[in-house]
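Undergrad: First the structure, which I've put down as structure tokens, then a few questions once you've had a look.
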Amino acid sequence: MSLHVHHHTALQLRGGAVRVARLLLRGLADAGATCSASFEFSETSDAWPVTPPDQLGSLVGNSIPGNALVHVHGSGDWVRLLSSLHHRPIITLHDCDLFTGGCAYPLNCDHFSNNCEEPCPRDYPQCAGYREAKQLLVDKLTPTLVSPSAWLAGLAREAMPGHNVHVIPNGIPWPENPPDKNEARKAIGIHPAARVAMFAAHGGDKAAYKAGGRWRDLWDDLCKRIPNLVGFAVGGDTAFTHNTLHFWPYVERKRMSALLAAADVLLYPSLADNHPLVVLEAQAQALPTVAFAAGGIPEQICDKETGLLVQEKNFAALVETAATLLARPRQAREMGVAAFFHGQKRFSMQRMTNDYLRLYHNVQTHHKEQADA
660 MSLHVHHHTA
670 LQLRGGAVRV
680 ARLLLRGLAD
690 AGATCSASFE
700 FSETSDAWPV
710 TPPDQLGSLV
720 GNSIPGNALV
730 HVHGSGDWVR
740 LLSSLHHRPI
750 ITLHDCDLFT
760 GGCAYPLNCD
770 HFSNNCEEPC
780 PRDYPQCAGY
790 REAKQLLVDK
800 LTPTLVSPSA
810 WLAGLAREAM
820 PGHNVHVIPN
830 GIPWPENPPD
840 KNEARKAIGI
850 HPAARVAMFA
860 AHGGDKAAYK
870 AGGRWRDLWD
880 DLCKRIPNLV
890 GFAVGGDTAF
900 THNTLHFWPY
910 VERKRMSALL
920 AAADVLLYPS
930 LADNHPLVVL
940 EAQAQALPTV
950 AFAAGGIPEQ
960 ICDKETGLLV
970 QEKNFAALVE
980 TAATLLARPR
990 QAREMGVAAF
1000 FHGQKRFSMQ
1010 RMTNDYLRLY
1020 HNVQTHHKEQ
1030 ADA
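To convert, count from 1 in the sequence shown and add 659; that's the working numbering.
Here's what the structure looks like:
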């Protein structure tokens, strides 16, 4: 059977969900599948068609062939989108939004375990009704659900009883060999004796779940412990410098890889996360990560082997852990090389594409059997 997969994202360019969708488009095209794509919120005048919020129904029927599989990676309006679908979609859960009252992660929220009872402590309007409406539509459509992490898959199964959730870890293009750190630093102009750390997140210092608002304080504390410290914080909206920490807006992929290759440590103080691509991108550049053991991050990092995990969400402990590793550059580099080969085996783009291809063919076969019955 020929395979046509239509990928739909909420955003056009930014964020992990969009990157996964675009990587799958590339991998599927290389495998000979037919691909198409749409999104809801335009960020540039891109060639992809924009899907107006009141026309999400065009995803099925009008915009794509009726035999195409629809793979949804997110939506700004799940109720409208799910109401528009007439065929069983594939949905990758890049966060918890499909089964909450509106938040991406129900971090320390007692209301979540009680069906998002109102009033919402985070001020999401009509959160209980919104969650219930999504649940009813999921029950009706019975989509094929996928999560990049076992952690989020467990949350989803508990929140949406009766629905299976497949686990397919994210993957990215992986170099054949680790980069030469000295050459990477020379290319950027970083002194060999400097210690280099990075922050990176969609939204930069405004990324709430990634503790972006604390980056400057964490950096100030780190500078007190480590001399000759230079840092980069990537992913925000504006460029400025705070105490040798250089904040940059979004950078193109090649530049991001160069920064990661030149750094000693990625600091990733995320409070809740699924299967973040930036951790994989760090590993692909032989860069160890220091992070909280939050969400699916422990599924990416082998503690004390490919990075360091802080079990409690204690920012002082995170700084101390990062300072210890930065003070031991040889250990950091050995850990980074271990992270490179660990990730190369488990988190390649090819492995992710193959996993999804198997899923697509299983879903396609099931659809055909239902149609023939």
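We put the CB at the ideal spot given by N, CA and C, even for glycine.
By DSSP, does G966 sit in helix, in strand, or in coil?
TA: G966 falls in the strand class under three-state DSSP.
Undergrad: Would you list the residues sitting across from C694 in a DSSP beta bridge?
TA: Answer by DSSP bridge pairing, in chain order: V664.
Undergrad: Can you tell me whether DSSP reads V1043 as helix, strand or coil?
TA: Nothing in the structure corresponds to residue 1043, since the chain is present only between 660 and 1032.
Undergrad: Let me know if Q944 comes out buried or exposed under the rule of 16 or more other beta-carbons within 10 Å of its beta-carbon.
TA: So Q944 ends up on the buried side.
Undergrad: Pick helix, strand or coil for E791, following the three-state DSSP scheme.
TA: Here E791 sits in helix by DSSP.
Undergrad: Could you tell me if F698 is buried or exposed, where buried requires 16 or more neighbouring beta carbons within 10 angstroms of its beta carbon?
TA: Result: buried.
Undergrad: Can you check the stretch 826–857 for any alpha helix (DSSP H) of at least 4 residues that lies completely inside it and give the ranges in chain order?
TA: Counting whole runs of 4 or more residues, the stretch 826–857 contains the alpha helix (DSSP H) stretches 840–847.
Undergrad: Sort A727, A898, G760, E842 by Cα distance to G735 and report the nearest one.
TA: Measuring from the Cα of G735, the nearest candidate turns out to be G760.
Undergrad: Find the nearest neighbour of F974 within the set T903, N773, W874, V731, judged by alpha-carbon distance.
TA: Cα-wise, what sits closest to F974 is W874.
Undergrad: What did DSSP end up calling I885 once you bin it into helix, strand or coil?
TA: Here I885 sits in coil by DSSP.
Undergrad: Drop a sphere of 10 angstroms on the beta-carbon of K793, count the other beta-carbons inside from all chains shown, and report buried for 16 or more, exposed for fewer.
TA: Buried.
Undergrad: Going by Cα to Cα distance, which pick from C961, L977, M994 is closest to R1005?
TA: R1005 has its Cα closest to that of C961, out of C961, L977, M994.
Undergrad: So T983 is in the alpha helix (DSSP H); what residue range does that whole segment cover?
TA: From DSSP, the alpha helix (DSSP H) with T983 extends over 974–985.
Undergrad: Might you give, ordered along the chain, the residues of its own chain that have their beta carbon closer than 7 Å to the beta carbon of Y783, omitting 5 neighbours on each side?
TA: Within the same chain, Y783 has close Cβ partners G760, G761, C762.
Undergrad: Below 8 Å on the Cβ atoms is my guess for I831 versus L1018; work out the distance and round it to an integer in Å.
TA: Contact doesn't hold; Cβ gap of about 19 Å is too wide.
Undergrad: I'd like the list of long-range same chain contacts for T980, defined as Cβ closer than 6 Å, with 5 residues on each side in sequence excluded.
TA: Result list for T980: V949, L967, V969, in chain order.
Undergrad: Report the option in D798, C779, S929 whose CA atom is closest to the CA atom of D1039.
TA: Within the shown structure, residues of the chain are numbered from 660 to 1032, placing residue 1039 beyond reach of any answer.
Undergrad: Taking Cβ to Cβ, would you say N829 is nearer than 8 Å to V679?
TA: Yes. Within cutoff.
Undergrad: Smallest Cα separation from H1001: which of A846, Q942, I827?
TA: It is Q942.
Undergrad: When DSSP builds the beta bridges, which residues end up paired with G895?
TA: In the DSSP output, where bridge partners are listed per residue, G895 has P908.
Undergrad: Which same chain residues end up closer than 6 Å to R816 when comparing Cβ atoms and leaving out the 5 residues on each side of it in sequence?
TA: Excluding sequence neighbours, R816 sits near V824.
Undergrad: Who are the Cβ neighbours of R673 in its own chain at under 8 Å, not counting the five residues just before and after it?
TA: E702, H861, Y909.
Undergrad: Less than 8 Å between the C-beta atoms of P802 and R844, yes or no?
TA: No, these two residues do not count as a Cβ contact at 8 Å.
Undergrad: Going by DSSP, which residues form a beta bridge with A866?
TA: According to DSSP, A866 bridges with nothing at all.
Undergrad: If we ignore side chains and look at the alpha-carbon of each, how far apart do G995 and L946 end up?
TA: So the two alpha carbons sit approximately 4 Å from each other.
Undergrad: Report the three-state DSSP secondary structure of G890 (helix, strand or coil).
TA: In the structure shown, G890 sits in a strand (DSSP, three-state: E or B).
Undergrad: Hey, out of A692, L740, L687, A952, whose CA is closest to T668's CA?
TA: Out of A692, L740, L687, A952, L740 has the C-alpha closest to the C-alpha of T668.
Undergrad: List the whole-angstrom C-beta distance separating R1033 from L977, where the pair is believed to meet the contact cut-off of C-beta under 8 Å.
TA: This structure cannot speak to residue 1033, because the chain is shown only from 660 to 1032.
Undergrad: Just the C-alpha distance for K883 and L877, rounded to the nearest angstrom, thanks.
TA: Each residue's alpha carbon lies about 10 Å from the other.
Undergrad: Could you tell me the alpha carbon to alpha carbon distance between L1016 and H1026, rounded to whole angstroms?
TA: Computed Cα separation, rounded: 15 Å.
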